[in-house]
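The listed protein sequences correspond, in order, to chains A and B. In terms of our numbering, the first sequence is residues 19 to 675. In terms of our numbering, the second sequence is residues 129 to 419. By construction, the Cβ of each residue, glycine as well, lies at the ideal position given by its N, Cα and C atoms. Quick notes on the structure that follows.
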Amino acid sequence: MSALLIALLSFGAGAMGALAFANRGRAATICGAGGILIGCACGIIPALRVALGEPSQSIRMAWDVPYGSLFLELDPLSGFFLIPVFVLCALAAIYGTDYLEAYRGRKTLAAPWFFFNLLVASMVVVILSRNGVLFLMAWEVMALSSFFLVTFEDEKESTRQAGWVYLVASHIGTAFLLVLFILLGRASGSLDFDRFSASSGAGLLFVLALVGFGTKAGFIPLHVWLPEAHPAAPSHVSAVMSAVMIKTGIYGLVRVMMLLGAPQAWWGWVLCGIGLSSGVIGVLLALAQHDLKRLLAYHSVENIGIIALGLGVGTLGLCAGLPAVAVMGFAGALLHVLNHALFKGLLFLAAGNVVHSTHSREIDHLGGLLRRMPRTGAIFLIGAAAISGLPPLNGFISEFLIYLASFKGAVTLEGANSVPMLATIAGLALIGGLAAACFTKAFGIVFLGEPRSEHAEQAHEVGLAMVMPGAVLAGACILIGLLGASVVSAMAPLISEVTGLSAPIVRASLSTAAHSIALVSITGGALAGLATLFAIGRAIALSNRSVSTNLTWDCGYAEPSRRMQYTASSFAQPLTDTFDLMLQTRRHVIAPQGLFPKEASLATETPDPCQEYIYRPLFSAIGRDLLLLRPLQQGQVQLYILYIAVTLLLLLLWQLA
Amino acid sequence: MMLAPLIQGVINRTKAIAAGRVGQPLVQPYRDLIKLVRKGAVYSRTTTWVFRMGPVVGLAAMICAMALLPFGAFPALAPFAGDLVMVAYLLALARFFMVLAALDTGSSFEAMGASREVTFSALAEPAFFLGLAALARQTGTLSLTSMLGSVSIAMWMRAAPALGLSIAALGVVFLAENARIPVDDPTTHLELTMIHEVMVLDHSGPDFAMIQYAAALKMWLLGAVIIAIAVPWHSGNSLLEGGCAIAGMFALAVVVGIIESSMARLRMLRVTQLLIAAVVLSGLALALVQR
């Protein structure tokens, strides 16, 4: 625990140092990044140890704030969620030292480093805190510091807009959490988590947690801030937000479900439903995007959906008394939290390299980057394969666990109870296929083929500080893929805590899963070996034959222009057309006219349907109604004093009556 | 694994006979493979190492998937609970790299094929999984070996409609994944309508041989799943059962040949509907076994 407190101090020192050296060139960067690196190095060891089964540690101190106490605890669940926080934030800090250099002179770098340290510290406190007031304060600091990071480039109109949407969405979510904690603490009169008792109204509390934490996690239809905020933020901040910050929503949901005691079956149904809709709609919207970072943001929605599916299957398993289903469902969901942190962090950092080097996020303006940025391309490919859930990488391991849990449930459960399991199987299969389509599009159009614009033509590889973090994450993706069995077995204490099942039962279920996963990894290893063998065989066979290079075969037409290549939009068009009912893609067509048409164009855009059909009408209606109150606002001090006097008078009368 | 290319030979011969021709010899696919392996190669200037990775990863993934598949009375090399998921995702891995190799050439033709490939496979995957889930539900097991091994005549007597629907759904997946009519026409090379053949336009020599052999293995793989359900006869004699399964595979090839001779390729939009129909069929199969 003391190591974690030192880590928090280090983040504080980093934040203050960055401010203190605001005008001293690189000193602010060194302080800011140094604070994060030292803090993460201190924190990771206790987090790992407790997650792997060492006894929990806690610290409790009195606090002057009403109902507040400084109550921190490190248990396996907290430890598990802290691991990706520390890993990702340290790597993002290294990345940021180089990435932010481009802004030196135009902007002060002290502010982003200050808020970055604050963000990391607040995430750690959110995950450790066991008191409602402390939790909500850290939650708020997390929202605000990330808001200031998102609006780093506040000279752009779109960035200010994105920050605004994020701020509003965060606070609507927090409002639900406020009610949740008040209700939880009402019975015992204390907001410490260990005194909470939720004997009555657990269903209402679950819904409050689902909405409040779901807003942060990005469940559809509460996800609207994600695709706005992630592209606007600097790339290392997008990586941290998408990889770990939205996971605090999942953490909160799991924590509250643990506090609420035995789950009810309809929670599982709801979670499966949310998971399915978030997964499928998330990946479909991702397919329709033209902006690389926006595409990745929608994939976060999709992966949060997969996590929700795992939680739902696990909950249903608990309710039906099937420990194997429960254990594998929760293990799959939680492992996917870690895996998504690794590959999504990687993808955002690699996308940041692309943006840094080409100054464009528009997929259709890029192309041929693999030749110009070979290292970035290679790590992006590993991330793309991992997020598509392909063996032998880590994404497959966690999806495999969820598949296994739902197949087990589908085989054993009777009647209607097996429906969510079957829906999960079909949903995961569809999501997997669509994700593969989306990432072949993203990688294929951005990195392969010929460059589609000047910017892409002149792209260059970025420096080591911006490649190394991604390479480390890619290594982790491969490692978890190959050592999946040991990772899954090591999750026993965590799963035992989350499901409330006894350790031997959990270990037994996990070991059957680990047996399958070991064979998955062996098959994956064999695959890599065979592929290498074939490649060597081909090289030997071709070594003494004629091997020539030529133009790409284009039906004898040897002057293809680069603009004649397929684009991302055309690649995704068959799928976006098939699912047009959900996407409502808009087309702006200028059709060719006359015998010698001069000008023709086609532009498509896919606005977020939730934004378009739910929130925009809702908020404009609220805005319109609030206009009625405008006459009250006259700008004269006397009038405001009158309002105060009238209010006091009314309160007095009410008190007397 | 050695017999896989023969299936294509049988399909071609069936089509030839149906068209009143003599047709190529049954071993022609082998001759093609041998010839390709002995040739040199031409690569496009646009391509990178991703293009060269496509065929090797594709073939390696197919061989690994074959190792997880039982055939006749012979179990898989390493059966485990959930290996059907692994098989499906190995096919997805092969497809992922094939599609990237196609995009690597920068050719609109190949990208068009790639785009259709990912579209149809994304829709075929739920059908495949639900079809196998219906089977898992009936047999109560989660590995392909025990699942396919426990389909028996008694089970057909009991749940013929569900099994029939599963076979129908898997049959559509078989045709779509292997790029056969009515989803794709394997005999045309430069039509705007093709899928698989257009993706491999720029591959040559040993690379193309690997792709062709991997395609043959894929057909064998998906065919073997169907045949294992459709030929539920367990004699106890493994040689006899193996022979029976091989005969079943050839019968399937003949059926594919007859389908190809008797109907045309569907319009692209219709293909989507066909695949969604396959999902519905496997859903129905599941509904039948739920009762």
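When you compare the region 137-149 of chain B with the region 379-392 of chain B, are there three or more beta-carbon pairs, one atom per stretch, that lie closer than 8 Å?
Touching, yes.
Please report the Cβ distance between B/I139 and B/M377, rounded to the nearest whole angstrom; I am assuming they are in contact, meaning their Cβ atoms lie under 8 Å.
Along the second sequence, read from residue 1 onward, the residue named residue 139 of chain B stands at position 11. Along the second sequence, read from residue 1 onward, the residue named residue 377 of chain B stands at position 249. No, B/I139 and B/M377 are not in contact; Cβ-Cβ is about 11 Å, not under 8 Å.
Please name the residue, chosen from A/E515, A/S76 and A/L431, that lies closest to B/L414 on a Cα-to-Cα basis.
As a first step, residue 414 of chain B must be located in the second sequence, where it is residue number 286. Closest option to B/L414, Cα to Cα, is A/L431.
Out of A/A494, A/V242, A/I463 and A/H254, point me to the one whose CA is closest to A/E630's CA.
Stepping through the first sequence from its first residue, residue 630 of chain A is reached at position 612. Answer by Cα proximity: A/V242.
Spatial neighbours of A/L198 in its chain, beta-carbon cut-off 8 Å, leaving aside the 5 residues before and after
Translated into positions along the first sequence, residue 198 of chain A becomes position 180. Listed in chain order, the non-local C-beta contacts of A/L198 below 8 Å within the same chain comprise L223, L226, A227, G230 and V274, local neighbours out to five positions each way being set aside.
Quickly, what does DSSP pair A/H241 with across the bridge? List them, please.
Translated into positions along the first sequence, residue 241 of chain A becomes position 223. In the DSSP assignment, no residue is bridged to A/H241.
When the cut-off is 8 Å and only beta carbons count, does A/V538 lie next to chain B?
For this step, residue 538 of chain A is matched to residue 520 along the first sequence. True, the Cβ-Cβ gap to chain B drops below 8 Å.
For the putative contact between A/D382 and A/R525, defined by C-beta atoms under 8 Å, what is the C-beta separation to the nearest angstrom?
In the first sequence, counting from the first residue as 1, residue 382 of chain A sits at position 364. In the first sequence, counting from the first residue as 1, residue 525 of chain A sits at position 507. Not really, about 51 Å apart at Cβ, beyond 8 Å.
With H, G and I counted as helix, E and B as strand and the rest as coil, what does DSSP make of A/I77?
Position 59 of the first sequence holds residue 77 of chain A. Under the three-state reduction of DSSP, A/I77 is assigned to strand.
Check this for me: beta carbons of A/C49 and A/A36, under 8 Å apart or not?
Your numbering for residue 49 of chain A matches position 31 in the first sequence. Your numbering for residue 36 of chain A matches position 18 in the first sequence. Yes, the Cβ-Cβ distance between A/C49 and A/A36 is below 8 Å.
Would you mind telling me which residues of chain A sit closer than 7 Å to B/Q418, beta carbon to beta carbon, in chain order?
As a first step, residue 418 of chain B must be located in the second sequence, where it is residue number 290. Neighbours of B/Q418 on chain A, chain order: G433 and S436.
Please confirm if B/P334 has its CB atom under 8 Å from at least one CB of chain A.
Along the second sequence, one-based indexing puts residue 334 of chain B at 206. So, interface residue.
I need the straight-line Cα distance from A/R393 to A/I513, nearest angstrom please.
Reading the first sequence from its first residue, position 375 is the one you call residue 393 of chain A. Reading the first sequence from its first residue, position 495 is the one you call residue 513 of chain A. C-alpha separation (whole angstroms): 37 Å.
Could you run through the region 162-174 of chain B and flag, in chain order, every residue whose CB is less than 8 Å away from some CB of chain A?
So the close ones are V165, K167, G168, A169, V170, Y171, S172, R173 and T174.
Counting only Cβ pairs nearer than 9 Å, list the residues of chain B close to A/G203.
As a working mapping, residue 203 of chain A is identified with position 185 in the first sequence. Those do not exist, as A/G203 stays about 43 Å from chain B at its closest Cβ, beyond 9 Å.
Note down, in chain order, each residue of its chain lying with its Cβ closer than 6 Å to the Cβ of A/N371, except the 5 sequence neighbours on either side.
Numbered from its first residue, the first sequence carries residue 371 of chain A at position 353. Cβ neighbours of A/N371 beyond the five flanking positions: T394, V480 and M484.
Beta-carbon within less than 8 Å of A/V538's beta-carbon, same chain only, minus the 5 sequence neighbours each way: which residues are those?
Residue 538 of chain A sits at position 520 when you count from the first residue of the first sequence. Excluding the 5 residues flanking it on each side, A/V538 has same chain C-beta neighbours closer than 8 Å at P409, P410, F414, I415, F418 and G502, in chain order.
Quick one: residues in its chain with C-beta nearer than 6 Å to the C-beta of B/L260, no 5 flanking neighbours on either side, listed in chain order?
Along the second sequence, read from residue 1 onward, the residue named residue 260 of chain B stands at position 132. The answer, listed in chain order, is L212.
Which residue spans inside the region 414-473 of chain A form an unbroken beta strand (DSSP E) run of at least 3?
Annotation note: the region 414-473 of chain A contains no uninterrupted beta strand (DSSP E) run of length 3 or greater.
C-alpha gap between B/H324 and A/R148, whole angstroms:
The sequence position of residue 324 of chain B within the second sequence is 196, counting from 1. The sequence position of residue 148 of chain A within the first sequence is 130, counting from 1. Their backbone Cα atoms lie some 57 Å apart in a straight line.
B/Y171 in three-state terms, based on DSSP
Residue 171 of chain B sits at position 43 when you count from the first residue of the second sequence. Here B/Y171 sits in strand by DSSP.
Whole angstroms are fine: how far does the CA of B/P334 sit from the CA of A/S295?
Translated into the one-based positions of the first sequence, residue 295 of chain A becomes position 277. Translated into the one-based positions of the second sequence, residue 334 of chain B becomes position 206. Straight across, the Cα-Cα distance linking A/S295 with B/P334 is about 44 Å.
Taking only beta-carbon atoms, is B/R395 less than 8 Å away from chain A?
The residue given as residue 395 of chain B occupies position 267 in the second sequence. For B/R395, the answer is no, since every Cβ of chain A falls outside 8 Å of its Cβ.
List, from N- to C-terminal side, the alpha helix (DSSP H) runs of 4 residues or more that fit wholly inside the region 130-173 of chain A.
Listed in chain order, the complete alpha helix (DSSP H) runs (minimum 4 residues) inside the region 130-173 of chain A are 150-168.
How should A/S28 be labelled, buried or exposed, when 16 other C-beta atoms within 10 angstroms of its C-beta is the threshold for buried?
As a first step, residue 28 of chain A is located in the first sequence; it is residue number 10 there, counting from the start. So A/S28 ends up on the buried side.
The region 356-374 of chain A / the region 244-259 of chain A touching (three or more Cβ pairs under 8 Å):
When C-beta atoms of the region 356-374 of chain A are compared with those of the region 244-259 of chain A, three or more pairs fall below 8 Å, so the two segments count as touching.
Using only alpha-carbon positions, find the residue among A/Y269, A/G462 and A/W287 that is nearest to A/A434.
For the purposes of this step, residue 434 of chain A is taken as the residue at position 416 of the first sequence. Of the candidates A/Y269, A/G462 and A/W287, the one whose C-alpha sits nearest the C-alpha of A/A434 is A/W287.
Where does A/V607 land, buried or exposed, given buried means 16+ other C-beta within 10 angstroms?
Here residue 607 of chain A corresponds to residue number 589 of the first sequence, with the count starting at 1. Around the beta-carbon of A/V607, fewer than 16 other beta-carbon atoms lie within 10 Å, marking it exposed.
Would you list the one or two residues that DSSP bridges to A/I608?
Here the question's residue 608 of chain A lines up with position 590 in the first sequence. DSSP links A/I608 through a beta bridge to A/S619.
Please decide whether A/N677 counts as near chain B, where near means a Cβ-Cβ distance under 8 Å.
The structure shown does not extend to residue 677 of chain A, since chain A spans only 19 to 675, so no value can be given for it.
Contacts that B/V185 makes with chain A (C-beta to C-beta distance below 7 Å):
Along the second sequence, one-based indexing puts residue 185 of chain B at 57. In chain order, A549 make up the part of chain A whose C-beta sits under 7 Å from the C-beta of B/V185.
Tell me the DSSP secondary structure of A/V186 in three-state form.
As a working note, residue 186 of chain A is residue 168 in the first sequence. Helix.
Which parts of the region 151-227 of chain B are runs of the alpha helix (DSSP H), unbroken and 4 residues or longer, counting only runs that do not cross its ends?
As far as the region 151-227 of chain B is concerned, its whole alpha helix (DSSP H) runs of at least 4 residues are 156-165 and 177-195.
Whole angstroms is fine: what's the gap from B/V383's alpha carbon to A/T442's?
Stepping through the second sequence from its first residue, residue 383 of chain B is reached at position 255. Stepping through the first sequence from its first residue, residue 442 of chain A is reached at position 424. Approximately 34 Å, taken between the alpha carbons.
Since B/A287 and A/Y584 should fall inside the 8 Å C-beta cutoff, what is the C-beta to C-beta distance between them, to a whole number of angstroms?
One-based indexing of the second sequence puts residue 287 of chain B at position 159. One-based indexing of the first sequence puts residue 584 of chain A at position 566. With a Cβ gap of about 46 Å, B/A287 and A/Y584 do not count as contacting.
Residues near A/M263 by beta carbon distance below 8 Å, same chain, minus five either side
What you label residue 263 of chain A is simply residue 245 of the first sequence in a count that begins at 1. The residues are L137, M141, M160, S164 and K234.
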